[in-house]
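At position 460 of the sequence shown the residue is numbered 497 (my numbering), and the sequence of numbers has no breaks.
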Amino acid sequence: MNRIIALGVFLIALVVYSITLSPTVAFWDVGEFCAAGYLLQVPHPPGSPLFLLLLRIASMLPLSPDLAVRMHSVSAFASALSVMFTYLSAVKIIANFRGKPELLSDKITVYGASVIGALGLAFSYSFWFNAVEAEVYGSGMLFVSAVLWLTLRWYERADLPKNEQYLFLIAYLLGLSIGVHLGAVLLLFGVLMLYYFKKVTIEGDYEKFGLRLGILAFVSQVFILFGSTEFMGWISVMLMIALFFYIANFITFQKFFPFLFLGLVIFFLIYSGIVQGFPQLFDGEFGGMRSPAFRILPFLIIIGSIIGLVYAERTKKKYLHLASLTFLLIVLGYTSYTLVIVRANAPNMPMNENDPSDFAGLVRYISREQYGQQPKFMPRRWSPEPQHQGIYTNYKTDTEFMWRYQIDHMFNRYLTWNFIGRGGDEQDSGISWKGTWGIPLLLGLFGMFYHIRKDWKMGITFFTLFLITGVILALYQNQQQPQPRERDYFYVSAFMIFALWISVAIVGIVDSLKTYLNKQSLSPAIASVTIAACTLFVPVNMIRMNFHQNSRAGNYVAWDYSYNILQSCEPNGILFTNGDNDTFPLWYLQDVEGVRRDVRIVNLSLVNTDWYIKQLKNNTPHGALKVPIEFSDEEITQLQPIRWDSREMTLPVTADALTRYNVEETLKLQGITDASSFPKEIKFTMTPTMESGDIKAIRIQDIMVHEILRANRWQRPVHFAVTCSPDSKIGLDDYLWYQGLTWELKPIKSNSEEEGLDIGILEKHLMTDAPPSKTQQFGYRFRNLNNPDVFFDENTKRMITNYRYAFLRLSIHYNQTKQENEKARAILNRMEQLLPRNVIPMDWRLMGDLRTFHQRVGNTEYANDYTRELEAKCWALINEGSDDLSGYYSPYRYLLDIYNETQQFDKALDVLGVMKRQRPGDKNIENQIKSFEARVAQKNVGKDSSNQ
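Put into structure tokens, the structure is as follows:
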């Protein structure tokens, strides 16, 4: 029965994940991993080579016409297996303190509770999010859950012959997991703890010890979870210290501390010795020293382990045999990283991040040197970046920052997201109690206490793992505020342990009810009713709450947006992009689906690195042209930020460029007909983009943008994605012509923002419906953006704002420049049909602009709709405490305009009353009040006259 239920749990999760699977490429790292997996390329460190092999295999299976869906299915299948292993682990955890279920009521209790905990994990926000896209975290959790289940399997069979086979399989899986994600390695502490508890006899009163230990653990966790202040945080630390010494004293210090020391040594031997140490030795480095002799050491270590294994087998040295074979199996699993070096040496690889083509490069790659070093303990506020420094002032001390942001905001919030409910899809959103009413969280906390009370060895092991994969991991990462995206996916292992405690809690409730009622005949009924109620309150309620926001069904935004960017580029164009979401999905389209492979993408973040610049200069991926760079490879290696003061720069304009960009025709439109006035060069001011004290500088990326433009000499089109930040354009704004999702650099200066539009191209992109093409073609894709059943998150909504802005600019051109109101209305109407506000909410400031423009072109119905929505939004902002009284995008200004236009002068006075309370004595506000009071009086006089 247990196996059948496990299969059922797997199938339930798999069906739900298949229904909600992303239908094509998604944003963030998904596009990069899909492209890397399809061609077995080298993605960002640390690479995840085994995961890429799985993606490659999946891409060859006829699971779907869409190649990305095939690769997403790896995460769905792995996550469903993880849910199954979670169920099986829950059964073993419960059976360890309760015994194997024999009676019907016991089976209902144990299996039912285990199903609830497993499906609670399956339908939690973060786990589900990872399960429906080709990211490493879903597959990484398969290794975590499998290692956990195998450890529990070994624990119950540790006294049987050949029990070590489970430990050997665990070792091999840990080695393999390094090629996917390092999260499973953290479970090593739990494996060692259970091994210790199984092999070492500990005497004492388990009942009292478990109860006290459970209370200490429960109280300390409550203080961590709900104590967001620094004071409460330190109380939880003291409780943890008390917990630690209480356990050590019970076990006896002589037995406990050697085990603790040995556990730490083994962990660091695996991570530092194998994961990082072996590549260093192969590169001839050890302890900061270099010698060719060091390259022999890995082979000697492996040969020594084999000899030790043979010797242990012959002499029956059990622990030597265990250590030798475990080590060899971890190394064997780790060999998936040979794929990285092999593929890094493949010629013309489109994606070869960090170029780890030798062991020195592999060491840098695995060590993530690209991301720099950061302190592991102190200081907590360590970043010199201006966006971080400005926020640091909100915290008095490093420890306050640690408790309030790094623990409370960056872990506790995520835990409560998953077991209470997420408060919204905006970044940094809080929690909402409306969805689950906190029942899963309360069950998990009770389950933690009950587990330690009933089975303190297993309970404290899982409590330790929960801390390591949760709070301690958050402290180790030392993340700075703000983050570019939410980081809840880091802590899914901790959420899995919490879900197991939900299962334990339900068993505790059933057993407590049985004891209280003390009627054996009612046991099946008690179990059935409790399981049914908990099923409704946990997995059923969680799937109801999370289904819409975790479903990617019908969401084609990443594919379409990337396609539209690529189609915005001229043939053989050079496209500067800003970050992950305007780069990785584009790589996917080029590498996997063959769309616009002629366009060379230059990522402005990566172009700060020498390896990337050399690849742009020397490689011709898919036959595309090289990026024009005239620096030698040696000069590229030596590039550094340079000191810089604002200065005027020039780029010569060739005669061919004047012809190619129709300069003569454009200048005639500006009233310039004299050929001698045609530009011989463009002039722009290049300002510093870095500043530290009195020292100002420009970045490598700024140097490279200028170098590429200089070396290009107008021979190939150059585009900047609209997502590029203003400081990334090195002062060229006056020469950038808007074409929708890109700005094209032209040797023509635009005199205004309105003039700098490439109207012909923009109109063809926005107003043309065409099937997708792998070659250049006009016509943007807007699939399902008007479908109310599709969920769009905050990031997607931001991207879609660029579409609305493009429609608005095109419409403004036809209204103001060509005085063609009918055409302007048609453009706005198409926008409203493709991007309706009831599907994709609009920023209230853009809503204000569109309201004004709908009025201007005579779209009365739309203008009235916008007015009603804008009025409600502005009042909501005012009630939230907005203090922007005079800005252009002020909710107060908008309301005053609305009430003035509609002659609702009494409502205007209500707005001014709020403003006066915020700024008492402000003469301008008082004058406006007098003006509106006069209009009210005049209006009333008019009413009286008409009544007479």
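Glycine included, every Cβ here is placed at the ideal spot set by N, Cα and C.
**Q.** Nearest to Tyr772 (by Cα), restricted to the options Glu718, Tyr356 and Pro825
**A.** Position 735 of the sequence shown holds residue 772. Of the listed residues, the one whose Cα sits closest to Tyr772 is Glu718.
Decide if His585 is buried, meaning its Cβ has at least 16 other Cβ atoms within 10 Å, or exposed. The residue labelled residue 585 in the question sits at position 548 within the sequence shown. So His585 counts as exposed.
Between Arg637 and Val664, how many whole angstroms is the CB-CB distance? I'm expecting something under 8 Å. In the sequence shown, the residue the question calls residue 637 occupies position 600. In the sequence shown, the residue the question calls residue 664 occupies position 627. Indeed they touch by this definition, with Cβ atoms about 5 Å apart.
(Q) For a test of the three-state rule: what should DSSP assign to His756, helix, strand or coil? (A) Taking the sequence shown and counting its residues from 1, the one referred to as residue 756 is at position 719. Reduced to three states, the DSSP call for His756 is strand.
Q. Among Leu871, Ser182, Phe829 and Pro329, which one has its Cα closest to the Cα of Met804?
A. Residue numbering aside, residue 804 sits at position 767 when the sequence shown is read from its first letter. Cα-wise, what sits closest to Met804 is Leu871.
| task | Specify whether the stretch 189-205 and the stretch 125-136 touch according to this definition: at least 3 beta carbon pairs, one from each stretch, less than 8 Å apart. | result | yes
* Can you name the residues that DSSP bridges to Trp780? -> Here the question's residue 780 lines up with position 743 in the sequence shown. As a beta-bridge residue in DSSP terms, Trp780 pairs with Phe757 and Tyr775.
Q | Inter-stretch contact at 8 Å, needing at least 3 Cβ pairs: the stretch 92-104 / the stretch 222-236 | A | no
- prompt: Hey, out of Leu865, Val876 and Thr188, whose CA is closest to Asp886's CA?
  reply: Residue mapping note: residue 886 aligns to position 849 of the sequence shown, counting from 1. It is Leu865.
Worksheet item: Any idea if Tyr817 is buried or exposed, counting beta-carbon neighbours within 10 angstroms, 16 or more meaning buried?
Response: Here the question's residue 817 lines up with position 780 in the sequence shown. Buried is the call here.
**Request:** To the nearest angstrom, report how far apart Ser588 and Phe166 are at their CA atoms.
**Result:** Your numbering for residue 588 matches position 551 in the sequence shown. Your numbering for residue 166 matches position 129 in the sequence shown. Answer to the nearest angstrom: the Cα atoms are 8 Å apart.
query = Using CA coordinates, which residue listed in Met952, Lys413 and Glu800 is at the minimum distance from Ser848?
reply = Reading the sequence shown from its first residue, position 811 is the one you call residue 848. Per the Cα distances, Glu800.
Exercise for the section: Please determine if the stretch 617-632 and the stretch 55-67 are in contact, where contact requires at least 3 C-beta pairs separated by less than 8 Å. Expected result: With contact defined as three or more Cβ pairs closer than 8 Å, the stretch 617-632 and the stretch 55-67 are in contact.
DSSP on Phe205, reduced to helix/strand/coil?
Counting from 1 along the sequence shown, the entry for residue 205 is found at position 168. Reduced to three states, the DSSP call for Phe205 is helix.
Exercise for the section: With Ile719 as the anchor, note down where its beta strand (DSSP E) starts and where it stops. Expected result: Your numbering for residue 719 matches position 682 in the sequence shown. Counting along the chain, the unbroken beta strand (DSSP E) around Ile719 starts and ends at Glu718 to Met723.
| message | On the DSSP letters alone, give me the boundaries of the beta strand (DSSP E) that Leu1041 sits inside. | response | In the structure displayed, the chain extends from 38 to 985; residue 1041 sits before or after that span and is not available.
### Task
Check the C-beta distance from Ser605 over to Gly777 and give it rounded, since I have them as a contact under 8 Å.
In the sequence shown, counting from the first residue as 1, residue 605 sits at position 568. In the sequence shown, counting from the first residue as 1, residue 777 sits at position 740. Right, the Cβ-Cβ distance comes to about 5 Å (below 8 Å), so this counts as a contact.
- Simplified DSSP assignment, three categories, for Met386: To locate residue 386, count along the sequence shown from 1; it is residue 349. When DSSP states are grouped into helix, strand and coil, Met386 belongs to the coil group.
Does the Cβ of Thr430 lie closer than 8 Å to at least one heavy atom of the ligand SAM? The model on display carries no ligand, and the ligand SAM is accordingly not part of it.
Can you name the residues that DSSP bridges to Thr889? Counting from one through the sequence shown, the residue named residue 889 turns up at place 852. BP columns for Thr889 are empty, so no partner.
**Request:** Specify the secondary structure class of Lys494 as computed by DSSP and reduced to three states.
**Result:** In the sequence shown, the residue the question calls residue 494 occupies position 457. Here Lys494 sits in helix by DSSP.
(Q) Taking the alpha carbon of Leu125 as the reference point, which residue from Ser151, Glu322, Lys967 and Phe114 has its own alpha carbon closest? (A) As a position in the sequence shown, residue 125 is number 88, starting the count at 1. For the residues Ser151, Glu322, Lys967 and Phe114, the minimum Cα distance to Leu125 belongs to Ser151.
| query | Near Asn592, which residues of its chain fall below 6 Å by C-beta distance, leaving aside the five closest residues on each side in sequence? | reply | Your numbering for residue 592 matches position 555 in the sequence shown. Counting only Cβ-Cβ distances below 6 Å, and skipping sequence neighbours, we find Val827.
DSSP puts Glu422 in a beta bridge; with which residues? Within the sequence shown, residue 422 is the residue found at index 385, counting from 1. DSSP lists no partner for Glu422.
**Study point:** Residues that DSSP places opposite Ile638 in a beta bridge
**Key:** Walking along the sequence shown from the start, residue 638 turns up at place 601. Ile638 pairs with Leu612.
Helix or strand or just coil, what does DSSP make of Ile468? By one-based count along the sequence shown, residue 468 stands at place 431. If DSSP states are grouped into helix, strand and coil, Ile468 belongs with the strands.
Are the CB atoms of Met884 and Tyr903 nearer to each other than 9 Å? Working through the sequence shown from its first residue, we reach residue 884 at position 847. Working through the sequence shown from its first residue, we reach residue 903 at position 866. Yes, Cβ-Cβ distance for Met884 and Tyr903 is below 9 Å.
Query raised in the report: What's the gap between the Cα of Ile543 and the Cα of Lys834?
Result: As a first step, residue 543 must be located in the sequence shown, where it is residue number 506. As a first step, residue 834 must be located in the sequence shown, where it is residue number 797. In a straight line, the C-alpha of Ile543 is about 40 Å away from that of Lys834.
message: My assumption, with CB atoms under 8 Å, is that Phe396 sits in contact with Phe319. Please give the rounded CB distance.
response: Your numbering for residue 396 matches position 359 in the sequence shown. Your numbering for residue 319 matches position 282 in the sequence shown. With a Cβ gap of about 4 Å, Phe396 and Phe319 count as contacting.
Check: Which residue's Cα is closest to the Cα of Gln78: Leu359, Asn39, Arg380 and Tyr442?
Finding: For the purposes of this step, residue 78 is identified with residue 41 of the sequence shown, where counting begins at 1. Per the Cα distances, Arg380.
Note to self: Assuming Arg684 is part of the beta strand (DSSP E), what are its boundary residues?
What the structure shows: Counting from 1 along the sequence shown, the entry for residue 684 is found at position 647. Secondary structure note for Arg684: its beta strand (DSSP E) is the uninterrupted segment Arg684 to Pro689.
Q) Looking only at DSSP bridge pairs, what is Arg459 linked to? A) Position 422 of the sequence shown, counted from the start, is the residue given in the question as residue 459. Its beta-bridge partners are Ile468.
Is Glu744 near Glu667, with beta carbons less than 9 Å apart?
-> Here residue 744 refers to the residue found at position 707 of the sequence shown. Here residue 667 refers to the residue found at position 630 of the sequence shown. Contact flag set, yes.
- Message: Less than 7 Å between C-beta atoms, sequence neighbours within five positions excluded: which residues of the same chain meet that for Leu253?
- Response: In the sequence shown, the residue the question calls residue 253 occupies position 216. For Leu253, same chain residues with a beta-carbon under 7 Å away, outside a window of 5 residues either side, are Leu276, Ala279, Leu280 and Tyr283 in chain order.
By DSSP, does Ile740 sit in helix, in strand, or in coil?
-> Taking the first residue of the sequence shown as 1, we reach residue 740 at position 703. DSSP places Ile740 in helix when its eight states are reduced to three.
Within its chain, find whatever has a CB closer than 7 Å to the CB of Gly321; leave out the 5 residues flanking it on each side and keep chain order.
Position 284 of the sequence shown, counted from the first residue, corresponds to residue 321. Here the set comprises Arg327, Ser328, Pro329, Phe331 and Arg332.
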